[in-house]
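K.L.:
If you count the sequence shown from 1, you need to add 288 to reach this note's numbering.
The C-beta atom is built at its ideal place from N, Cα and C for all residues, glycine as well.
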Amino acid sequence: MDDSTGKGKMFSMRERHQVLLSLFAVGMCAGIIISERLYISSNREDILRGTALPNKPRSARSAAAPLAGNAPAGARSAAQLAGNAAAAAAAIVVYPKDAQMQALEQYLLKIAPSREVLVGVSNVNPLREGMLGTFLKGVQQAGVSNYLVVALDEETERELKFQNINVFYMPMQISKSQADTGANHAVSALKFGILKKFLQLGWAVLLSDIDICVLQDPFKNLYRDHDLEGMSDGFDPMTAYGQIEGFDDPSMGWARFAQKESHFNLNSGLFYLAANPRTVELMQRLETRLSREKYWDQTAYNEEIFFLSHDNYRSPGVSVRVMSIYKFMNSKVLFKDIRHRAAGTTAMPVMVHINYHPDKHERMKAVFAYYLDKDMNALKAFPGGSEKGT
Numbered sequence: 289m290d291d292s293t294g295k296g297k298m299f300s301m302r303e304r305h306q307v308l309l310s311l312f313a314v315g316m317c318a319g320i321i322i323s324e325r326l327y328i329s330s331n332r333e334d335i336l337r338g339t340a341l342p343n344k345p346r347s348a349r350s351a352a353a354p355l356a357g358n359a360p361a362g363a364r365s366a367a368q369l370a371g372n373a374a375a376a377a378a379a380i381v382v383y384p385k386d387a388q389m390q391a392l393e394q395y396l397l398k399i400a401p402s403r404e405v406l407v408g409v410s411n412v413n414p415l416r417e418g419m420l421g422t423f424l425k426g427v428q429q430a431g432v433s434n435y436l437v438v439a440l441d442e443e444t445e446r447e448l449k450f451q452n453i454n455v456f457y458m459p460m461q462i463s464k465s466q467a468d469t470g471a472n473h474a475v476s477a478l479k480f481g482i483l484k485k486f487l488q489l490g491w492a493v494l495l496s497d498i499d500i501c502v503l504q505d506p507f508k509n510l511y512r513d514h515d516l517e518g519m520s521d522g523f524d525p526m527t528a529y530g531q532i533e534g535f536d537d538p539s540m541g542w543a544r545f546a547q548k549e550s551h552f553n554l555n556s557g558l559f560y561l562a563a564n565p566r567t568v569e570l571m572q573r574l575e576t577r578l579s580r581e582k583y584w585d586q587t588a589y590n591e592e593i594f595f596l597s598h599d600n601y602r603s604p605g606v607s608v609r610v611m612s613i614y615k616f617m618n619s620k621v622l623f624k625d626i627r628h629r630a631a632g633t634t635a636m637p638v639m640v641h642i643n644y645h646p647d648k649h650e651r652m653k654a655v656f657a658y659y660l661d662k663d664m665n666a667l668k669a670f671p672g673g674s675e676k677g678t
């Protein structure tokens, strides 16, 4: 029997199957291309700015401001600057919230809806000494409304509420490892665990110690293009921003000279953190270390930021920008350099940290008198260092 007819039918069915598969593949490709073009069309502005946020509603994406890039601080509107922080926070991991975290979130939504906040941490000592009041006068005269004092005890909370100050009570237990380091250092070591909560909620944080004079709105002078912007203990561009130094080992003969990079430490009392998983990890590491080790918080802070990944050690990988030493000024820069320059030749700093001198409160009041009251003699009574004649 001739089965050519059966073979012909078999080949015909195979050809139809191949045609259908080809049409299906073409349809899939066309669908993907059309979907991609629709997405690009509806998100063109965000994509060009590099701020498209996948898996977010279009309204949320369109509200994100352009990234700061290399534009100078202060050249962008307050709305754009706040938008940068909000856009960065939108991509943060969602963390569990206990009752305290939920209460903090609700309060932050009220006082800092732009999702960035200036935070000071205080117990009753600076309150009773009057230093906390001096700090807050600076914050308020600079027009900073998105600020918060984290009160570590009920007396501080009660007094600040009476004064209508933004305050949130957060009792924290000083670890045994920090118990003998002195009150100031012990309290300072607590701040990393406190700041972690803000970051986990999606708020960028400008941490300010209480011995700081706020002269201008700091949020108008941030770049927001790195994970961390920090004040330096350096006193000139080389010590603050870094320099390459030589190292000489005569025993190496021809190869006796090598180079290393050097800069002064960042100060752990004034820094801005973007809210993202890297900064959360940094705060977590510091909180854990300082709960176990009797260690100065500023040393641990710089080790975790700057020590390079090696062997089994992995750095948190935060990107770092050093704040301008003439805008976010330490007290050595002011009392050893700036105050001796001719009047009118230097601009008013944004914040001045009295970190190099023990008579903190008196110098704070003098800084306000010098810059805000225009009392050109206000700083003259103080030595450059901590001792007379320096």
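1. Could you tell me which residues DSSP pairs with Phe486 in its beta bridges?
2. Decide yes or no for the touch test of the segment 403-418 against the segment 494-510: beta carbon pairs closer than 8 Å, at least 3 of them.
3. Taking Tyr644 as the reference, which of Thr678, Phe656, Arg446 has the closest Cα?
4. Pull up the distance between the alpha-carbon of Ala654 and that of Leu392, whole angstroms please.
5. So which of Val568, His598, Asn555, Leu561 has the shortest CA-CA distance to Trp584?
6. Output the distance between the C-alpha atoms of Gln547 and Met540, rounded to the nearest integer angstrom.
7. Between the alpha carbons of Val475 and Ala387, how many angstroms are there, rounded?
8. What's the call for Thr339, buried or exposed, on a 16-neighbour Cβ count within 10 Å?
9. Using the C-alpha atoms, what's the distance from Lys385 back to Phe670?
10. My output table needs one value for Gln677: the three-state DSSP class, helix, strand or coil.
11. Quick test of the definition: if touching needs 3 or more C-beta pairs under 8 Å, does the segment 559-574 touch the segment 504-517?
12. Pull the bridge partners of Ile642 from the DSSP assignment, please.
13. My output table needs one value for Asp585: the three-state DSSP class, helix, strand or coil.
14. Mark Lys398 as exposed unless 16 or more other C-beta atoms lie within 10 angstroms of its C-beta, in which case mark it buried.
15. Tell me which residue opens and which closes the beta strand (DSSP E) that Val399 is part of.
16. Using 8 Å for Cβ pairs, my map puts Thr422 next to His649. What's the rounded Cβ distance?
17. Given a threshold of 16 other Cβ atoms within 10 Å of its Cβ, counted over all protein chains shown, does Pro604 qualify as buried or as exposed?
18. Kindly list the residues whose CB is nearer than 7 Å to the CB of Tyr395, restricted to its own chain and excluding five residues on each side of it in sequence; keep chain order.
P.N.:
In short, the structure shows the following:
1. Under DSSP, Phe486 forms no beta bridge with any residue.
2. In short, these stretches touch, since the Cβ pair count reaches three.
3. If we check each option's Cα against that of Tyr644, Thr678 comes out closest.
4. Distance between Ala654 and Leu392, taken at the CA atoms: about 35 Å.
5. Ranking Val568, His598, Asn555, Leu561 by Cα distance to Trp584 puts Asn555 first.
6. When only Cα atoms are considered, Gln547 and Met540 end up about 14 Å apart.
7. Going by the C-alpha atoms only, they are around 23 Å apart.
8. Note that Thr339 has pLDDT 37, beneath the 50 cutoff, so the model's placement of it is unreliable and the number below is only indicative. By the C-beta density criterion, Thr339 is buried, having at least 16 other C-beta atoms within 10 angstroms.
9. About 48 Å.
10. It is Gly, not Gln, that sits at residue 677 in the sequence shown. In the structure shown, Gly677 sits in coil (DSSP, three-state: anything other than H, G, I, E or B).
11. The segment 559-574 and the segment 504-517 touch, with no fewer than 3 CB-CB distances between them shorter than 8 Å.
12. Beta-bridge annotation (DSSP): Ile642 is not paired with any residue.
13. Asp585 falls in the helix class under three-state DSSP.
14. Under this definition Lys398 is an exposed residue.
15. It should be pointed out that residue 399 corresponds to Ile in this sequence rather than to Val. Not the beta strand (DSSP E): Ile399 falls in the alpha helix (DSSP H), residues 387-399.
16. Under the criterion of beta carbons closer than 8 Å, Thr422 and His649 qualify as touching, at roughly 7 Å.
17. Burial call: buried.
18. The beta carbon of Tyr395 sits closer than 7 Å to the beta carbons of Phe456 from its chain, once the five residues preceding and following it are set aside; these are given in chain order.
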